[in-house]
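For the record, in the sequence shown the residue sitting at position 143 is 142 according to numbering that gives the first Met the number 0, with numbers rising by one throughout.
Glycine included, every Cβ here is placed at the ideal spot set by N, Cα and C.
For clarity, every value in this text was computed on a predicted model and none was experimentally measured.
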Amino acid sequence: MPVDAALAEAWVREFAASVAAARDELTKLDQAIGDGDHGANLSRGLTAATDALSGDTPGDVLKLVGRTLISKVGGASGPLYGTAFREVAKGLGDAAAADDVTFAAALRGGLDGIVRLGRAEEGDKTMVDAWLPALAALDGALGSGSSLADAAGEAAKAAASGAEATIPMQARKGRASYLGPRSVGHQDPGATSSTMLFAALAKAAAA
Ligand code: ADP
Ligand code: MG
């Protein structure tokens, strides 16, 4: 299924809706190993992004989402998610629609942006621990002929496992790293919201 502006908008709306619904859950997770603002921050930013949604191409839509998140969301996750969306947009260029493989490559560019900005590696207990397995699953499923909706469903499952796998990790990046060993035993909030990003893609692509 080609990713056009309508699908990009639907993806962002689904993500915003699921983060809004999980606001308290994300807040609780961030209260355990951070400052408790992840749910509220991200939800506020995504509300602003959905209010501003516009653009004739998926690249334009996602560029604006990225810019809005960077300007509206404080903390680490605003610039990180914002950069990710901007890099995905860059990967899509000016095309009216992207085929699935081009879109998957653009998502990989989004992760590269997160890593360039945050310098987190696998196992540091961050959103990277959800994105990495998600993109591997997405590529694998597309490679074996799955639809974008099914491949994104696989990505969401892999992201959820990746997020769960952050529980026993000790945080080495971000605010949670200040807790040292006390960060162990809690699921990372950003990895949790990133799972919602991939689940939202699956839902939007299936509609
Ligand atoms: P803050 O920590 O500034 O309050 P948020 O609570 O909004 O920001 O987001 C915290 C999340 O951001 C973490 O759960 C983690 O997933 C992610 N994060 C923090 N630092 C980094 C980093 N350097 N690289 C990747 N992700 C990070
Ligand atoms: Mg926080």
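- Contact between S192 and H37 holds, with the beta-carbon distance rounding to 7 Å and staying under 8 Å.
- DSSP, reduced to helix, strand and coil, places D55 outside both helices and strands of the structure shown, so it counts as coil.
- Between A199 and E13 a beta carbon distance of about 4 Å is seen, short of the 8 Å cut, so the two are scored as contacting.
- Put simply, of A39, W130, M126 and L137 the residue whose alpha carbon is nearest the alpha carbon of E153 is L137.
- Here the alpha carbon of S17 sits roughly 23 Å from the alpha carbon of G54.
- Two segments are said to touch when three or more pairs of C-beta atoms, one from each, lie closer than 8 Å; by this definition the stretch 94–104 does not touch the stretch 65–82.
- Setting aside the 5 residues that flank it on each side, R22 is surrounded in the same chain by G38, A39 and S42, each with a C-beta closer than 8 Å to its C-beta; the list follows chain order.
- If you draw a straight line from the Cα of A148 to the Cα of A204, it is about 5 Å long.
- Taking non-hydrogen atoms of the ligand MG into account, the C-beta of H37 is found less than 7 Å away from one of them.
- For Y80, the enclosing alpha helix (DSSP H) starts and ends at S76 to L91.
- One thing to note: L52 has its Cβ no nearer than 8 Å to the Cβ of V87.
- For the 8 Å CB-CB criterion, A190 and G161 form a contact.
- Using a cutoff of 7 Å, the CB of G74 counts as near the ligand MG, since one of the ligand's heavy atoms is closer than that.
- Per DSSP, the unbroken alpha helix (DSSP H) holding M195 starts and ends at P188 to A205.
- In the DSSP assignment, S160 falls within the alpha helix (DSSP H) that extends over L147 to E163.
- Rounded to whole angstroms, the separation of the alpha carbons of T125 and L141 is 25 Å.
- With distances taken between CA atoms, I113 lies nearest to L79 out of G139, L79 and L131.
- Annotation for G33 indicates a beta carbon within 7 Å of some heavy atom of the ligand MG.
- Exposed is the label assigned to I166, since fewer than 16 other Cβ atoms lie within 10 Å of its Cβ.
- If one requires a minimum length of 4 residues, the alpha helix (DSSP H) runs lying completely within the stretch 14–76 are 22–32, 37–51 and 57–71, in chain order.
- It is roughly 27 Å from the alpha-carbon of D29 to the alpha-carbon of E8.
- For I113, the enclosing alpha helix (DSSP H) covers residues D99 to G117.
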